[in-house]
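Have a look at the structure below, then the notes.
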Amino acid sequence: MSERDVTQDLRIPWEEDPGELYEHAPCGYLTTLPDGTIIKVNETFLSWTGYRRSDLIGRRRFRDLLSSGGQIYHETHYAPLLSMQDDVQEVAFDVVCADGRRLPTLVNSILGRDPAGLPRVIRTTVLNATERRGYEQELLAARRAAESSEKRVRALQQIVADLAAAPTEAEVAEVVVRAPGPAFGAASSSIWLADPDRDLLVAVVGTDPAIGGDDIPRGSTRAVAEVARRGDLQVIDSLVEAEAHFCELAATMRQAGRNTVVLLPLTMQVGDSGVTEVRGVLGFSFTDPRELTDSELRVVRLLGQQAGHALDRARLYDEARRREARATFLAETTRQLEETQRLMARARCLVDRVVPEVAEWAAVRLQVGPAGLLADAGGPPPDAERLAAQVAAVTASGEPQFAAPGGPDAGCAVLPLTARGRVLGTLALRTQVAKRTPADTVFLEDLADRAGLALENARLYEQERAIARTLQRSLLAGDMPTDPRFVVETHYQAAAQDLEVGGDWFDAFMITEDKLALVVGDVVGRGIDAATTMGQLRSAVRALASAEAGPAKLLTRLDRFIERVESARMATVGYAEIDLGTSVMTYACAGHLPPLLHEPATAPRYLLEGRSAPLGSRAGRRERVEHRMRLLPGSRLLLYTDGLIERRTRPIDRGFEVLAREWARRRDSPMPGITAGLADILVGREPPDDVCLLCLTLGTEERLERSIGADPMQIALLRKDLRGWLVTHGVDEETAHAVLLGCSEAVANAIEHGYRDDPFGQVEVAATVSPEAVEIRVADHGLWRPAGTDAARGRGLQLIRQVMDHVVLDRSAGTTVTMRRTRREATVSES
Amino acid sequence: MTQSGDQVSFSKLGKADLVRLAGEIDLANAPAIGRQIVAHVTEAGAVLIDLTAVSFLDSAGVRLLDALVGDLDDHGTAIRLVVGEGGAARMTLQLCAFRDDLLATDLQRAADELDG
């Protein structure tokens, strides 16, 4: 205290003692040595801290008076700063008072140096910062509170925004269960949604170990159920409290290491009545004991209300959406079922609609036919035995059966397919979720009702279709007359699409021994009516045809018949009578397409005479006319129905042209298969409409040509043709036997040896007859194998040589055997 | 197509097994007919094969009959092939030069010969 610096700036009216000023200044003064040892202290400092002067002077360093944190700060900041810049401003230190109290201070220090620049003394002023510190701390606490509240508010705002964007219950639940973490610092959370249909709290998301994540019946004694029933927020903030009220919860809390659990009902106010409904429960837990402030509790409750509203909205949305989706599904299913007529196709369509959209497995069983009918999709199927028992029970009772949830085959249902009070079959299915609401049940029953009707209609259609087909077949299958003087070949091809049978028909019969009648007709309409009418007309034609009448009279009589059989009105008929003795043909067309005639050595032509209106026509020309003409031997006549030439993509004129051209191309084709081949080329294998053809060849073939597959079974058919051909040419029996044997052996050789390795090979056979001899050529394109050791083959060739007079073998391309047999009459007359 | 079942029938005539063949016998059905005959007559003391109703017989049929005769001869079983006075079967068998002692024209006489 040797140095005292007094500045006299202003003279004041009273004497002020500088010592007094120093001692009682409004701040504390300390003078210390560079090492901090206090050498001078004023009264103000002593009175603030409660130290005696003798306690400090020469005994304590300034830093000894600081709190431990202050001492560290003194060491690391204060001292280095002071020695570097010679002064330190407004450093906050807590000074530890004599009684241990802490005095918040602000400290300024100046370092004084000697003339050599070495530190000599430190002068320090100490300001009392008690008030200021308190204010600062208050400010800090207020800010912390505001911040945490803001954080909660922000979290809540985010949740509300997320809830607004969540359209379904599941999504709402997802948002709500995520909230307690950011908003309150909860460790984990779970959410349950109320299922009023089943009086159950369904665990949706979250697996809070303290509260659980399983479904809880509403009547349960568990805390979650209790909260759901009461609708009040429940905070269990200690294990002790948990033990007092919910033993089970206390156990899980202890197990999970949780000390606080909050159970929040998610509520929805119903109308203005003030009644609230609990839509679910949100549970969350904290590791530490956590006391929720009033403002936090307000926020928690707010969350419960917001979530309750969002759930309510989502439930309505879910329901509306589900209802809409199901209505759309049912409508679309009905529409798709009606797209196809056939029963199996409809059953198939039904299961394919149901899987996977409604169920993961579905099977339709129909009691149709002896074996029944089954269409299934998806899998795996449920236990077969249980299912069979259920199907039997449902079929007998007509009542649906739903497997109990949790039991075997959970999610399975067997529904009766009924129509007109009769159980047609069953629809069995298994849905993905085992839980089924009354709405689900209604939906499934609705589906089964619609399907039942659609399937019953298909069954009736199928039945009628089968009857019509049978009827039509039985009418068309009648034996064609056989006579050496002509050959008749017919072909009927049903439309490719699942169309009902048409009313096309053909017929050929002998009116007298020498008079052949040919008919091709077409009844308007399709289905069983058309087939029945066709049968009636066919019988009528047979009954009304007579040796004397002729085509025009027959048509007139048919017109009268139509007056009694209305369904036959406007049927078209092409009719021809051929006198086999004179080769005179009389024909008439009642609205029918003109017959096509191909005479030897001329182009085919359509026969356009003898035309009049369809049967029973009121607008058309009803006077029945006929046309008479003589047919050359070898003429070919074709009668057909419009399905052969009418195509949507081709004008009918073009159809006529194509038919005439193809018919001409087949001038020399063998009769068997000629009509099928013609239909094939004109309308293909799957014609859009029924096709009916009848072809007549008058007189016999001069030259027999056949191409047969490399199949031993074909040889007998060839012999049949050949035998008939030989007979019509008046070849004697012995020659005929010889030719048949020779030809058979040659063809057998070709099949057995030439085509040993080629089952698709073709054998060409051509036969000509002259008054002197019969000549046959049999050719194959297979490999020639020398007879050699093959005794069987040798015997075949030997037989040929024995029965035929002249045999030539040509092996240049495949094998061609040319054989000739002199007719016996010829040899007799020659000799 | 007729099945071989319609074409083969078996009965007894005297001591002999009687096999009646009918229709056309060719490459397509001869093997099946052969199997049927072999299955029926293995234990027989004598065999009569009636070919009078056969309308066609080709070399495959001949092969079948030839094998049958060979087997029965080896077993010491007597056999007769009954063919008509004319007809397809007789023609083919004669062309193939079957032994005269094998061929018979009358069924009953052939049966009596075998019995005696």
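Chains as they are written, first to last, in this note's numbering: chain D, 1 to 831; chain X, 1 to 116.
For every residue, glycine included, the Cβ atom is placed at its ideal position computed from N, Cα and C.
Taking buried to mean at least 16 other C-beta atoms within 10 Å of its own C-beta, is P614 (chain D) buried or exposed?
Reading the first sequence from its first residue, position 614 is the one you call residue 614 (chain D). Burial call: buried.
Closer than 7 Å by C-beta to V368 (chain D): which residues in its own chain qualify, once you throw out the five before and the five after it? Chain order, please.
As a first step, residue 368 (chain D) must be located in the first sequence, where it is residue number 368. Answer for V368 (chain D): L343 and R459, listed in chain order.
Going by DSSP in three states, W784 (chain D) sits in which element: helix, strand or coil?
On the first sequence, position 784 is the one that residue 784 (chain D) refers to. The answer is coil: DSSP assigns W784 (chain D) none of H, G, I, E or B.
Counting only the same chain and skipping the five closest in sequence on each side, list residues whose C-beta sits under 7 Å from that of E830 (chain D).
Here the question's residue 830 (chain D) lines up with position 830 in the first sequence. Legend: pLDDT at E830 (chain D) = 40, less than 50; position of this residue unreliable, value from coordinates given subsequently. Closer than 7 Å at the Cβ level, and outside the excluded window around E830 (chain D), lies no residue.
If you drop the 5 nearest sequence neighbours on each side, which residues of the same chain put their C-beta closer than 6 Å to that of E464 (chain D)?
In the first sequence, counting from the first residue as 1, residue 464 (chain D) sits at position 464. Closer than 6 Å at Cβ, skipping near neighbours: I528.
Going by C-alpha to C-alpha distance, which of D:F506, D:R473 and D:R52 sits closest to P481 (chain D)?
For the purposes of this step, residue 481 (chain D) is identified with residue 481 of the first sequence, where counting begins at 1. Comparing Cα positions, the closest option is D:F506.
Would you check if there are 3 or more beta carbon pairs closer than 8 Å linking the region 661-681 of chain D to the region 605-619 of chain D?
no
Measuring only the C-alpha atoms, how far is V573 (chain D) from E775 (chain D)?
Counted from its first residue, the first sequence places residue 573 (chain D) at position 573. Counted from its first residue, the first sequence places residue 775 (chain D) at position 775. Each residue's Cα considered, the two are about 43 Å apart.
Considering only C-alpha positions, which residue in the set D:M819, D:L783, D:A155 and D:P712 is nearest to R811 (chain D)?
For the purposes of this step, residue 811 (chain D) is taken as the residue at position 811 of the first sequence. Closest by alpha carbon: D:L783.
Using the beta-carbon of each residue, which ones in chain X are nearer than 7 Å to A716 (chain D)?
What you label residue 716 (chain D) is simply residue 716 of the first sequence in a count that begins at 1. Within chain X, the residues near A716 (chain D) are M1, E24, D26 and A28.
Name the chain D residues whose beta carbon is nearer than 9 Å to that of L95 (chain X)?
Against the second sequence, residue 95 (chain X) aligns to sequence position 95. Under the 9 Å cutoff, chain D gives L741, Q798, L799, Q802 and V803.
Check whether A155 (chain D) and A186 (chain D) have beta carbons under 9 Å apart
On the first sequence, position 155 is the one that residue 155 (chain D) refers to. On the first sequence, position 186 is the one that residue 186 (chain D) refers to. No. Outside cutoff.
On the three-state DSSP scale, how would you describe D483 (chain D)?
Looking up residue 483 (chain D) in the first sequence gives position 483. Residue state, collapsed to three classes: strand.
For R321 (chain D) and R218 (chain D), the rounded distance between their alpha carbons:
Start at 1 with the first residue of the first sequence, and residue 218 (chain D) comes out as number 218. Start at 1 with the first residue of the first sequence, and residue 321 (chain D) comes out as number 321. Rounded to the nearest angstrom, the two C-alpha atoms are 27 Å apart.
Check the Cβ-Cβ distances between F10 (chain X) and every residue of chain D, and say whether any is below 9 Å.
Taking the first residue of the second sequence as position 1, residue 10 (chain X) is located at position 10. Closer than 9 Å: no.
DSSP bridge partner residues for K12 (chain X) (one or two, in chain order)
Residue numbering aside, residue 12 (chain X) sits at position 12 when the second sequence is read from its first letter. Paired residue(s): X:D17.
Nearest-angstrom Cα separation, counted from I800 (chain D) out to M534 (chain D):
As a working note, residue 534 (chain D) is residue 534 in the first sequence. As a working note, residue 800 (chain D) is residue 800 in the first sequence. The alpha-carbon atoms of M534 (chain D) and I800 (chain D) are separated by roughly 52 Å.
Got a sec: is the Cβ-Cβ distance from I706 (chain D) to anything in chain X below 9 Å?
As a working mapping, residue 706 (chain D) is identified with position 706 in the first sequence. Per the sequence presented here, residue 706 (chain D) reads as Arg, with Ile not at that position. Output row for R706 (chain D): interface = no.
Assign L659 (chain D) to one of two classes, buried (16 or more other C-beta atoms within 10 Å of its C-beta) or exposed (fewer than that).
Here residue 659 (chain D) refers to the residue found at position 659 of the first sequence. Buried is the call here.
Assuming L638 (chain D) contacts L607 (chain D) under a Cβ cut-off of 8 Å, what Cβ separation, rounded to an integer in Å, is found between them?
Within the first sequence, numbered from 1, the residue matching residue 638 (chain D) stands at position 638. Within the first sequence, numbered from 1, the residue matching residue 607 (chain D) stands at position 607. Contact flag wrong, Cβ pair sits at about 10 Å.
Per-residue contacts from H592 (chain D) into chain X (C-beta, under 7 Å)
Position 592 of the first sequence, counted from the start, is the residue given in the question as residue 592 (chain D). Ordered by position in chain X, no residue passes the 7 Å Cβ test against H592 (chain D), which lies about 37 Å from the chain.
Pull up the DSSP beta-bridge partners for I645 (chain D), would you.
Stepping through the first sequence from its first residue, residue 645 (chain D) is reached at position 645. For I645 (chain D), which the question treats as bridged, DSSP gives no partner whatsoever.
Range of the contiguous alpha helix (DSSP H) that encloses C743 (chain D):
The count along the first sequence starts at 1 and reaches residue 743 (chain D) at position 743. Its alpha helix (DSSP H) spans residues E733 to N749.
Cβ of T92 (chain X) within 9 Å of any chain D Cβ
Taking the first residue of the second sequence as position 1, residue 92 (chain X) is located at position 92. Output row for T92 (chain X): interface = yes.
Taking just the CA atoms, how far does S83 (chain D) sit from I57 (chain D)?
In the first sequence, counting from the first residue as 1, residue 57 (chain D) sits at position 57. In the first sequence, counting from the first residue as 1, residue 83 (chain D) sits at position 83. Computed Cα separation, rounded: 22 Å.
Please report whether the beta-carbon of A60 (chain X) lies at a distance below 9 Å from any beta-carbon of chain D.
Position 60 of the second sequence, counting from 1, holds the residue named residue 60 (chain X). So yes, A60 (chain X) belongs to the interface.
Is the shortest distance between the beta-carbon of I776 (chain D) and the beta-carbons of chain X less than 9 Å?
Taking the first sequence and counting its residues from 1, one reaches residue 776 (chain D) at position 776. Not one chain X Cβ lies under 9 Å of I776 (chain D).
Runs of 4 residues minimum, wholly inside the region 332-368 of chain D: which ones carry the alpha helix (DSSP H) assignment?
343-357
Along the region 37-71 of chain X, what residues have a CB closer than 9 Å to any CB found in chain D?
F56, L57, D58, S59, A60, V62, R63 and D66
Is there a C-beta anywhere in chain X that falls below 9 Å from the one on A748 (chain D)?
Reading the first sequence from its first residue, position 748 is the one you call residue 748 (chain D). So yes, A748 (chain D) belongs to the interface.
In chain D, what lies closer than 7 Å to A129 (chain X) by C-beta?
No statement about residue 129 (chain X) is possible, as the shown extent of chain X runs from 1 to 116 and does not include it.
Beta-carbon separation of G709 (chain D) and V769 (chain D) under 9 Å?
One-based indexing of the first sequence puts residue 709 (chain D) at position 709. One-based indexing of the first sequence puts residue 769 (chain D) at position 769. It is not a contact, given that the beta carbons lie outside the stated cut-off.
Using a Cβ-Cβ cut-off of 9 Å, state whether R795 (chain D) counts as contacting chain X.
Within the first sequence, residue 795 (chain D) is the residue found at index 795, counting from 1. Chain X contact via Cβ: present.
For A111 (chain X), the three-state DSSP class (helix, strand or coil):
If you number the second sequence from 1, residue 111 (chain X) lands on position 111. Helix at A111 (chain X).
Going by DSSP in three states, T490 (chain D) sits in which element: helix, strand or coil?
Here residue 490 (chain D) refers to the residue found at position 490 of the first sequence. Looking at T490 (chain D) - three-state DSSP - the assignment turns out to be strand.
Are the beta-carbon atoms of G34 (chain X) and L81 (chain X) separated by less than 9 Å?
The residue given as residue 34 (chain X) occupies position 34 in the second sequence. The residue given as residue 81 (chain X) occupies position 81 in the second sequence. No, the pair does not count as a contact, with Cβ atoms beyond the cut-off.
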